[in-house]
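If you read the protein sequences in the order shown, they are chains A and B. Just so we're aligned: the first sequence equals residues 1 to 115 in the numbering used here. Just so we're aligned: the second sequence equals residues 1001 to 1210 in the numbering used here. All C-beta atoms, glycine included, are put in the ideal place defined by N, C-alpha and C.
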Amino acid sequence: MVELREKAFSTSLTTDVGMRVKMIAQRENRSFANVIESAVKVFTLLPKNVRDILVAAAADADNGRQRLKELSRSVTHQDAMRRLDEAADAAAMHMRSEPYPEDYDDAVVLERRRP
Amino acid sequence: MTIPLRVVLDVNVFVRLVKAKRERRTGTAAQRIFSALEAGRMCGRPAQIVASHRMIDTLSDVFRRLSVPTEQAEEFSNAVIDAMKAGPEELDPHLMLGGTPDLTLRDAEDGGVLASAFGARAHVLARDNLADFMPTGCETWETTKIRFPDGFERTLTCHILSRPDGLEIVVAHPIDFATWIGEPFDPTPNNVRGRFSQPPNVPTGSPKKP
Chain A
1 MVELREKAFS TSLTTDVGMR VKMIAQRENR SFANVIESAV KVFTLLPKNV RDILVAAAAD
61 ADNGRQRLKE LSRSVTHQDA MRRLDEAADA AAMHMRSEPY PEDYDDAVVL ERRRP
Chain B
1001 MTIPLRVVLD VNVFVRLVKA KRERRTGTAA QRIFSALEAG RMCGRPAQIV ASHRMIDTLS
1061 DVFRRLSVPT EQAEEFSNAV IDAMKAGPEE LDPHLMLGGT PDLTLRDAED GGVLASAFGA
1121 RAHVLARDNL ADFMPTGCET WETTKIRFPD GFERTLTCHI LSRPDGLEIV VAHPIDFATW
1181 IGEPFDPTPN NVRGRFSQPP NVPTGSPKKP
């Protein structure tokens, strides 16, 4: 399906932001406009509270970059765990059950050494 | 910043996770370990899983032997790699040393797992078969007594394995590790020594009457 496109908008970027867009465009073999379009597309799909967190982090010259890195890792981790869970579900549909003579999932704990 | 807990999960733990899903179980040791991994914390510390490419390959092979199609087996393995890369230390299995088995263990595959764990500076290795992870001179502690449905009883142990350069790793059963996650108990070698070198906490004599 062909996506209807709005008329072109224009905005100005600071030198730093412009450089970052250019670097991403070169690294990912995309056009400058395409990187900006992706950024706006994702940003406008996020809930306001998430946008606020990201904007605040980006505005923090001291710790913002580290904060954004941590947030990115957290999102990536959640996504990886979701895929691991889905992959486990998919594998479970096919996996042949082999009898375990001593299945510790069936065992009861009689005694635990605690401090 | 708290140092992340680097954990090596034996292939058997991953298989048990899938088996528990297949049998619609809840609250198994493997499921509790993965819940903690999902939350990003184990034993009160950020959790970082560690695996070498050799271990990941073994995982895929085991799944295929259990009739899981190649595509699903590799999807699972790739998800494990991605979870590892997205951990707090963003580790990459390409960087894990696992080529030369540790010669202190008789079984070459176990030796490869141990070498990978030491190479990755892992803190804990969780696995069911502990008897094969008892090289001469390792410290062994009795931890938990369990009973199987047929009445057979087994005493679980945990081991501290050391390298000549002083590097140590705690090898524990998934049941114990899941318990430590829930408490939470930080299983550093010294904490393990402190916990299990005490006499067992078993009441002696008759309890006091109120």
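Note down, in chain order, each residue of its chain lying with its Cβ closer than 7 Å to the Cβ of residue i, except the 5 sequence neighbours on either side.
i, result
"B/D1092", "K1085"
"B/R1147", "E1153"
"B/P1210", "Per-residue confidence for B/P1210 stands at a pLDDT of 40, beneath the threshold of 50, marking its modelled position as unreliable; no derived number is given."
"B/R1041", "A1047"
"A/D62", "none"
"B/A1039", "none"
"B/T1157", "L1130, T1140, W1141, E1142, T1143"
Between the Cα of residue i and the Cα atoms of the options, which residue gives the shortest distance?
i, options, result
"A/A33", "A/S10, A/S74, A/L71, A/E98", "A/S10"
"A/E84", "B/I1056, B/F1076, B/G1087, B/P1088", "For clarity, residue 84 of chain A is Leu in the given sequence; the question names Glu instead. The shortest Cα separation from A/L84 among B/I1056, B/F1076, B/G1087, B/P1088 belongs to B/F1076."
"B/V1011", "B/R1024, B/S1035, B/R1065, B/I1160", "B/R1065"
"A/D89", "B/I1175, B/R1024, B/V1170", "B/R1024"
"B/G1087", "B/A1051, B/M1055, B/V1113", "B/A1051"
"B/N1190", "B/V1124, B/K1145, B/E1183", "B/V1124"
"A/V75", "B/A1083, B/R1193, B/V1068, B/N1078", "B/A1083"
"B/L1005", "B/R1193, B/V1170, B/S1162", "B/V1170"
"B/G1194", "B/I1003, B/S1162, B/W1141", "B/W1141"
"B/L1009", "B/E1089, B/R1045, B/A1126, B/G1151", "B/A1126"
"A/S97", "B/G1112, B/S1067, B/G1119", "B/S1067"
"A/G18", "A/R73, A/S72, A/R5, A/I36", "A/I36"
"A/V109", "B/V1113, B/R1163, B/D1057, B/P1174", "B/P1174"
"B/D1176", "B/S1116, B/V1192, B/P1164, B/N1078", "B/V1192"
"B/T1058", "B/V1113, B/R1045, B/D1107, B/R1016", "B/V1113"
Using C-beta distances below 6 Å, list every residue in its chain close to residue i, excluding the 5 sequence neighbours before and after it, in chain order.
i, result
"B/W1180", "C1043, P1187"
"B/V1018", "none"
"B/N1129", "none"
"B/A1178", "A1029, R1032, I1033"
"B/E1139", "I1160"
"B/D1110", "D1132"
"B/F1063", "A1073"
"B/R1016", "A1030"
What are the boundary residues of the alpha helix (DSSP H) that residue i is part of?
i, result
"B/V1080", "1070 to 1085"
"A/R27", "15 to 27"
"B/R1024", "B/R1024 -> no alpha helix (DSSP H), and no H or E assigned at all."
"A/K69", "64 to 94"
"A/T44", "32 to 45"
"B/T1058", "1053 to 1065"
"B/D1110", "1108 to 1119"
"A/D52", "48 to 59"
"B/G1194", "1189 to 1196"
Assuming residue i is part of the beta strand (DSSP E), what are its boundary residues?
i, result
"B/T1157", "1153 to 1162"
"B/E1168", "1168 to 1172"
With a 10 Å radius around its C-beta and 16 neighbouring C-beta atoms as the bar for buried, classify residue i as buried or exposed.
i, result
"B/Q1048", "buried"
"B/K1021", "buried"
"A/D16", "exposed"
"A/R113", "buried"
"B/Q1072", "buried"
"A/M135", "Chain A is shown only over 1 to 115; residue 135 of chain A falls outside these bounds and no answer can be derived."
"A/T14", "exposed"
"A/S31", "exposed"
"B/P1149", "exposed"
"B/F1133", "buried"
"B/R1054", "buried"
"B/A1131", "exposed"
"A/K38", "Looking at the sequence itself, residue 38 of chain A is Ser, so the reference to Lys does not match. Classification of A/S38: exposed, given that the 10 Å Cβ count is below 16."
"A/R27", "exposed"
"B/L1037", "buried"
"B/V1007", "buried"
"A/R51", "exposed"
"B/F1014", "buried"
Can you list, in chain order, the residues of its chain whose CB lies under 8 Å from that of residue i, leaving out five sequence neighbours each side?
i, result
"B/G1205", "In this prediction, B/G1205 has a pLDDT of 46, which is less than 50 and means its spatial position is unreliable; what the coordinates show is noted afterwards. Here the set comprises nothing."
"A/R67", "A57, D60"
"B/E1074", "S1060"
Starting from residue i, follow its DSSP beta bridges and name the residues at the other end.
i, result
"B/T1144", "A/R112, B/L1156"
"B/Q1048", "B/R1006"
"B/A1126", "B/L1009, B/A1172"
"A/R5", "Answer by DSSP bridge pairing: none, since A/R5 is not bridged."
"B/R1032", "Paired residue(s): none; B/R1032 is not in a bridge."
"B/E1139", "B/I1160"
"B/R1016", "According to DSSP, B/R1016 bridges with nothing at all."
"B/M1001", "Note: B/M1001 sits in no beta bridge, so no partner."
"B/M1042", "B/R1045"
Is any heavy atom of the ligand MN found at a distance shorter than 6 Å from the C-beta of residue i?
i, result
"A/D85", "Absence of the ligand MN is noted for the structure shown, with no ligands found whatsoever."
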